[in-house]
Each structure stands twice: as structure tokens, then as C-alpha cells.
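A.B. asks: Quick one: structure below, then a few questions.
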Amino acid sequence: MIVTEHRKRMLIIGGVAAGATAAARLRRLDESAEITILEKGPYVSFANCGLPYFIGGEITRRSSLLLQTKEGFFSRYRVDVKLNTEAVEINRSAKIVTARGPEGETEIGYDKLLLAQGGAPVTPPLPGVDGKHVFRIWTIPDMDRILSYIKENKPSRAVIAGGGFIGLEMAEALHARGIRVTIVELSPQVMITMDPEFGAMIKDGLESHGIEVRTGVGVKGIRHSSVELTDGSSIEAGMVLLSVGVRPELTLAKAAGLTIGGTGGLVVDGTMRTNDPDIYAAGDMIEIAHKVHGKKVRIPLAGPANRQGRIAATNMLGGRMPYDGALGTSVVKLFDSTAASTGLSEKGAREAGFEVGVAYVFKDHHATYYPGATPLALKIVYDKKSSRLLGGEAYGKNGAEKRIDVLATALHGKMTLNDLAELDLAYAPPYNSANDPVNLAAFVGLNNISGYSPSKTPAETLEEIHRGGALALDVRTFGEMSRAPLQDALHIPADEVRDRLDEIPKDKSLYILSKDGFLGHTTLQILKANGWNRVFNIAGGYLAARWTDGWCFHASLD
Ligand SMILES: Cc1cc2nc3c(=O)[nH]c(=O)nc-3n(C[C@H](O)[C@H](O)[C@H](O)COP(=O)(O)OP(=O)(O)OC[C@H]3O[C@@H](n4cnc5c(N)ncnc54)[C@H](O)[C@@H]3O)c2cc1C
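Using the numbering used here, read the sequence shown as starting at 1465 and increasing by one per residue.
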């Protein structure tokens, strides 16, 4: 408990994730402080992350989205919440905020001010965006508008512009309401925070549930009952949801002369303080350090917002709680599957200048022999120089988020692949295999770094093959090969390699394709022992290559 000499005036602008957390923390730390929240919307502390699930019908009680009320905040924390009240000006020298609300224009003084204004969904300047059938999803009133539109107009088709996690969650929600959904994403993949092969897996999963996904094309204009795309085509749509990004809410901060960083977020120091010593900020509106490469980024997610609110509150009362950034760990439910990621993607790690290695593990989420096992795709990204873990991605029906949380913990601890290989993780057949996929991914990465089992990603392999002098050696079983044949490869099943060595050229670099990378590793050892030097295992084998741009299998093994 921090002891204060007089009733400190703590003012918070924005009363949802960061703001509400900060208010509760302030009260717990200081029973005497005067705490006020200004919230321009009609609700304080609501579950914005839950909105798609209410629209989809999984959450059935609207009131369960209201985590706290104005009255509840007062009775539990003696926090004065002013709803429908917008802060319109900060006078830094007088330490006064001007607000407009039901009581008219008021001036509220502060000793310490917290900006927790979040962001707002980007509305692209397109013809037709103001239509009554065009929506954004950010607040409870947004959710109510969508639901009453669906009830009254019963649209049979919807277009969602944007294939990020909110767009994908909303695709499932609208689908559950009986609406045929098309996602239109300008980038070549959905879930741009993950690598392209995971974007491709996710797209495939969505399509298998009846969602149409159009990537590499944008929305050009919105008409009454259709959407025009940049490629000249149009899609019938009785409603349109725009979910194309979040812009930090900085009007007040800019007008007050607070420093904005290169990422477009408000600058704070390691204690969440802005360049004004009496103004702190937290949540979607700020820029923070990425915990892996230390560069400034914006990570508009609820976990960081809540933690930042807690830290800011502590420091507003004179505490010294440091904040050193976030990893961007995220997870999204997509029908019966889960996609999750943490740290840097492969492309992010390359852009950051690391000497990148990747390892894939395609394995059942628990022992295959125990009933109910489902496939899991796991990728780790590491630095070949230091063997430090840089990030991870996972997708599957079960167990994806568990592996990503292990990797997030490892990233926080700056662990290397040696550490990951040694992690002692819980095992019994209904839960796992004796070697968790995280352990296995580390083994694969270490084998690559040491040169014992050098590997190349499917994308790197293609580059080598196009450059010439390289050959793909396909060691999948005859059944696997015949169901998804790869042209221009030498096909010798792994079990026959020892007997057919004379068919394998020595004057070319060999890239071994197995089903998932495992038999490729075994085959590589056979070839090395028999004098082949320029030989690489294709990381993740067919199961990674089939999702990689440029690889063409004539059918799928599924
Ligand atoms: C549909 C949806 C689903 C999501 N799902 C997830 C998820 O699954 N996982 C996850 O990690 N994140 C999720 N997020 C993101 C997460 O909700 C945000 O990162 C988080 O809420 C940010 O917290 P914040 O406090 O910075 O801002 P917010 O929670 O947005 O709160 C900011 C508040 O400030 C108020 N405000 C702004 N300006 C003023 C002003 N001048 N005066 C008074 N009040 C003002 C706003 O009205 C708003 O209520 C989701 C977001 C949405 C919209």
C-alpha cells in the first residue's frame, strides 16, 4: 500500500480495458485517492473481445458482456464514472481536462492523468461506406446495431472487408446466424500477423466451413446490395462489415502536444509515462517495445492493455513498476480450430535482420494411439547465430494455444533451443506425447544449427531449384506420393533408399521431401553416411510445402 499525504486526484480518460483496470488498481493501492473515469460511450468496462460471440450466439446473456457498471464501480471502488462524457481538451499547464457530457461542459482538475482511450476501427474512404447496411464492430452499440439489422433485414449474404482476427471471428459469428459470408482481404493471405503458410491453412479451414475467402483483392466500393472489388468483380451483399485495422485515438494527445512515435502510437517511457511527467498512457493508443527485437511497435490487444493499465496506476501513485513491452501473443478460434502465435513470424524475424531458422512439427496433439488425437501444425522461428527462440505459430483443432503459451513463456525468458529441448512438460497419453511438439521443434532446430541435419524451408528449396543444380528427392511412401504427386522430383520411398543409392545423383544438391520432415531427416543421415554432402531436409516436408506459394502438388493427401 502506497501512503499518500493528501487526496490525490487521479483522472482517467477511457473506461474499458486499460482504464478500468487502472481505476481498480489505483483504489486498491490508495484508499484515499479521488478517482474519476471519463468514458464517452454508454458503458464502462465491457467485454469488447466477447462481442463476436454474442453476435454468433455462443454468449447468450448480453448483460454478461458488461463486466462492471457505473454503480458497481462506485460501490466496490468508490470510483466516479462519468458515462457519455467525452474529454475534449487537456490543459497541461493548469492540469485541467475539459469534458462534455450530460452535465454540459465541465472542467476537472487532476494531479495525475491516465490516457486510456484505445483506438478506433479504420473506416476506409470508399464510396458507399456510410450506407445503413455497413458496419464496424468495436462497441456494444455497434453489436446491437448489427444484431437489429440482421433481425429486421435478414440479409442472406455478407461481405467482411479485412481478414484479421476480428474479421475472421465475425465471419464465424455471421455464418452462425445463417448468413453466407465472403471475406475480402487485400493482402495475399488472411491473418497477416502469421506466416503465409499458416494464412493458407486458415483459409482452407474457413472454406471447409463454407466461408468464401478472397485474398489479394480489395473492396473498391459498396452499393445497396453488392460490393465492388478492385479486380472488377462484384459480390452480392445485404450487409458489409469493415474490419480493416485499428487507428490509435490521438486527437487529444496531439492537441496537448504529447509526443507521438514513429509507429503512430503515443510515446511512453518504461513506466508508462508520456513526455508530460503527470500524464500516463496505456492500451491500444501507445507504442511499446517488442520484447524480441526491442523495436517500437503497436500491439492493440487486451492482455497488454490490461497489464499496462495496472502498471500505469502503480506508477501514477509514485510506484516504480517497469514495463518492458509485449510479444504480441494472440489466439483466435476459427470454427473447430485454433490459430495462435507469439513473438516474431518468420517474415518479421527476417525483416528484423536475424539469421533466421525455422522448424516445423506436424504431429497429433496427444499420443496418436489415444482416442481423439487431432493434427497440430507447429512452427518455431529461431536465430541461427545464438539459437535463441524468436517466435512461434500453431494451428489445429486442439492444443495450439497450449504450445503457444509455452513458447510465449520461453520468449519472455529469452530461452534458446537448448532450453526448449529440455523443457519438462506434462505428459500422459490423453494430453500429450512423451516429447511435446515444442521439444521436438527444438530438436529439429538444433539439428539444423549443428549441421547434423541441415534443412531448408520449402520457400528456400524452391529458390534453389529455380536457380538450377538442385533436385527434390521425394521419399514419401508410394501411397503418399501417388495421392499428391510432385513433378520433377526423384521418387524413392525412404525405406528403399539404402537399396537404390545408385539412382541418386551426386552432382546435384539434394532437397529431401518427406511427409512431415521426420523421414527426411532419417534419409538425410543415410545419404550423408554414403558420401552425399550437399543434402538438405525440407523443413516440414510435404505438410509445410503444400501451403507454400509455388509448390504444386496435384492432389492433397487428406
Ligand atoms: C470485437 C473485438 C474483439 C476483440 N478480441 C480480442 C481478443 O480476443 N483478444 C485480445 O487480446 N484483444 C481483442 N480485442 C482488442 C482489445 O479489445 C483491445 O486491445 C483493448 O480493448 C484495448 O484496450 P484500451 O483500454 O486501450 O482501449 P478500449 O478498450 O478500446 O477502451 C478505450 C475507451 O476509451 C474511450 N474514449 C476514447 N476517447 C475518449 C474521450 N476523449 N473521452 C472519453 N472516453 C474516451 C472509448 O469510448 C473506449 O471505450 C478485440 C477488440 C474488438 C473490438
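Every residue gets a Cβ at the ideal spot worked out from N, C-alpha and C, and that includes glycine. Only a predicted model underlies this, so the values are computations on that prediction, with no experimental measurement involved.
Shortest alpha-carbon distance to Asn-1770 belongs to which of Pro-1506, Lys-1472, Cys-1513?
C.D. replies: Along the sequence shown, read from residue 1 onward, the residue named residue 1770 stands at position 306. Taking only the C-alpha atoms, the option nearest Asn-1770 is Cys-1513.
A.B. asks: Could you tell me whether the Cβ atoms of Ile-1750 and Leu-1730 are closer together than 7 Å?
C.D. replies: Walking along the sequence shown from the start, residue 1750 turns up at place 286. Walking along the sequence shown from the start, residue 1730 turns up at place 266. Closer than 7 Å, so yes.
A.B. asks: How many Å lie between Arg-1737 and Gln-1653 at the Cα?
C.D. replies: Position 273 of the sequence shown, counting from 1, holds the residue named residue 1737. Position 189 of the sequence shown, counting from 1, holds the residue named residue 1653. Taking the straight line from one Cα to the other gives about 37 Å.
A.B. asks: Taking its Cβ as the centre, do 16 or more other Cβ atoms sit within 10 Å of Tyr-1833, making it buried, or is it exposed?
C.D. replies: For this step, residue 1833 is matched to residue 369 along the sequence shown. Looking at its Cβ environment, which holds fewer than 16 other Cβ atoms inside 10 Å, Tyr-1833 is exposed.
A.B. asks: By DSSP, does Leu-2021 sit in helix, in strand, or in coil?
C.D. replies: Walking along the sequence shown from the start, residue 2021 turns up at place 557. Summary for Leu-2021: the model assigns pLDDT 43, below 50, so the residue's position carries little reliability; its value from the coordinates is reported in the next sentence. Coil.
A.B. asks: Identify every run of the alpha helix (DSSP H) within the region 1591-1626, keeping only runs that are complete inside it and at least 4 residues long; order them along the chain.
C.D. replies: DSSP runs (the alpha helix (DSSP H)) wholly in the region 1591-1626: 1604-1617.
A.B. asks: Which value, in whole angstroms, describes the spacing of the CA atoms of Ala-1746 and Gly-1734?
C.D. replies: Translated into the one-based positions of the sequence shown, residue 1746 becomes position 282. Translated into the one-based positions of the sequence shown, residue 1734 becomes position 270. The straight-line gap from Cα to Cα measures roughly 11 Å.
A.B. asks: Considering only their Cβ atoms, is the gap separating Asn-1994 from Leu-1965 smaller than 7 Å?
C.D. replies: Residue numbering aside, residue 1965 sits at position 501 when the sequence shown is read from its first letter. Residue numbering aside, residue 1994 sits at position 530 when the sequence shown is read from its first letter. Yes; because the gap between Cβ atoms is below 7 Å, this pair is in contact.
A.B. asks: Taking the alpha carbon of Leu-1493 as the reference point, which residue from Ala-1864, Leu-1530, Gly-1782 has its own alpha carbon closest?
C.D. replies: Counting from one through the sequence shown, the residue named residue 1493 turns up at place 29. The shortest Cα separation from Leu-1493 among Ala-1864, Leu-1530, Gly-1782 belongs to Gly-1782.
A.B. asks: Which whole runs of the beta strand (DSSP E) in the region 1694-1729 are 3 residues long or more, in chain order?
C.D. replies: Counting only runs of 3 or more, we get 1698-1700, 1703-1706, 1710-1712.
A.B. asks: Between the Cα of Val-1508 and those of Gln-1581, His-1470, Ser-1557, Pro-1516, spot the shortest distance and give me the residue it belongs to.
C.D. replies: The residue given as residue 1508 occupies position 44 in the sequence shown. The option with the nearest alpha carbon to Val-1508 is Gln-1581.
A.B. asks: Tell me which same chain residues have a C-beta within less than 6 Å of the C-beta of Lys-1848, skipping the five on either side of it?
C.D. replies: Here residue 1848 corresponds to residue number 384 of the sequence shown, with the count starting at 1. Glu-1819, Gly-1821, Ile-1913.
A.B. asks: Can you tell me whether Phe-1538 is buried or exposed? The criterion is at least 16 other CB atoms within 10 Å of its CB, across all chains shown.
C.D. replies: To locate residue 1538, count along the sequence shown from 1; it is residue 74. Result: exposed.
A.B. asks: Nearest by alpha-carbon distance to Arg-1947: which of Gly-1909, Tyr-2006, Glu-1960, Pro-1894 is it?
C.D. replies: As a first step, residue 1947 is located in the sequence shown; it is residue number 483 there, counting from the start. Arg-1947 has its Cα closest to that of Tyr-2006, out of Gly-1909, Tyr-2006, Glu-1960, Pro-1894.
A.B. asks: How many Å lie between Lys-1797 and Ala-1637 at the Cα?
C.D. replies: Position 333 of the sequence shown, counted from the first residue, corresponds to residue 1797. Position 173 of the sequence shown, counted from the first residue, corresponds to residue 1637. Each residue's alpha carbon lies about 11 Å from the other.
A.B. asks: Should Asp-2022 go down as buried or exposed, given a rule of 16 or more other Cβ atoms within 10 Å for buried?
C.D. replies: As a first step, residue 2022 is located in the sequence shown; it is residue number 558 there, counting from the start. Residue placement at Asp-2022 is poorly supported in this model, since its pLDDT is 46, which falls under 50; the coordinates still yield a value, given next. Exposed is the call here.
A.B. asks: Starting from the Cα of Ile-1610, find the closest Cα among Ala-1953, Lys-1970, Met-1703, Ala-1753 and give me that residue.
C.D. replies: Here residue 1610 corresponds to residue number 146 of the sequence shown, with the count starting at 1. Considering only alpha carbons, the answer is Met-1703.
A.B. asks: Might you give, ordered along the chain, the residues of its own chain that have their beta carbon closer than 8 Å to the beta carbon of Asp-1828, omitting 5 neighbours on each side?
C.D. replies: Start at 1 with the first residue of the sequence shown, and residue 1828 comes out as number 364. If we look at Asp-1828 and ignore the five residues flanking it on each side, its Cβ neighbours are Ala-1837, Thr-1838, Pro-1839, Leu-1840, Ser-1897.
A.B. asks: Do you know offhand how far Glu-1857's Cα is from Met-1658's?
C.D. replies: Locating residue 1857 in the sequence shown gives position 393, where the first residue counts as 1. Locating residue 1658 in the sequence shown gives position 194, where the first residue counts as 1. Cα to Cα, the separation comes out at about 7 Å.
A.B. asks: Among Thr-1694, Ile-1501, Ala-1497, which one has its Cα closest to the Cα of Gly-1483?
C.D. replies: Position 19 of the sequence shown, counted from the start, is the residue given in the question as residue 1483. For the residues Thr-1694, Ile-1501, Ala-1497, the minimum Cα distance to Gly-1483 belongs to Ile-1501.
A.B. asks: Tell me whether Glu-1503 sits in a helix, a strand or coil according to DSSP, three-state version.
C.D. replies: Translated into positions along the sequence shown, residue 1503 becomes position 39. In the structure shown, Glu-1503 sits in coil (DSSP, three-state: anything other than H, G, I, E or B).
A.B. asks: If you draw a straight line from the alpha carbon of Gly-1726 to that of Gln-1772, how long is it in whole angstroms?
C.D. replies: In the sequence shown, counting from the first residue as 1, residue 1726 sits at position 262. In the sequence shown, counting from the first residue as 1, residue 1772 sits at position 308. The straight-line gap from Cα to Cα measures roughly 20 Å.
A.B. asks: Any idea what DSSP makes of Thr-1468, helix, strand or coil?
C.D. replies: Residue 1468 sits at position 4 when you count from the first residue of the sequence shown. Any reading at Thr-1468 must be qualified, since the residue scores a pLDDT of 47, below 50, and its modelled position is unreliable; the value itself is stated next. In this structure, Thr-1468 counts as coil in the three-state DSSP scheme.
A.B. asks: Which first and last residues belong to the alpha helix (DSSP H) in which Gly-1460 is found?
C.D. replies: The chain is shown from 1465 up to 2022; residue 1460 falls before or after that span and cannot be answered.
A.B. asks: Evaluate the contact criterion for the region 1866-1878 versus the region 1920-1933: three or more CB pairs, one atom per stretch, below 8 Å.
C.D. replies: Touching, no, given that fewer than three Cβ pairs across the two stretches are closer than 8 Å.
A.B. asks: Given a threshold of 16 other Cβ atoms within 10 Å of its Cβ, counted over all protein chains shown, does His-1930 qualify as buried or as exposed?
C.D. replies: Start at 1 with the first residue of the sequence shown, and residue 1930 comes out as number 466. Exposed is the call here.
A.B. asks: Compute the Euclidean distance between the alpha carbons of Thr-2023 and Leu-1577, then round it to the nearest angstrom.
C.D. replies: Nothing in the structure corresponds to residue 2023, since the chain is present only between 1465 and 2022.
A.B. asks: Counting C-beta neighbours from all protein chains within 10 Å, is the total for Ser-1672 16 or more, i.e. buried, or is it exposed?
C.D. replies: Numbered from its first residue, the sequence shown carries residue 1672 at position 208. That one is exposed.
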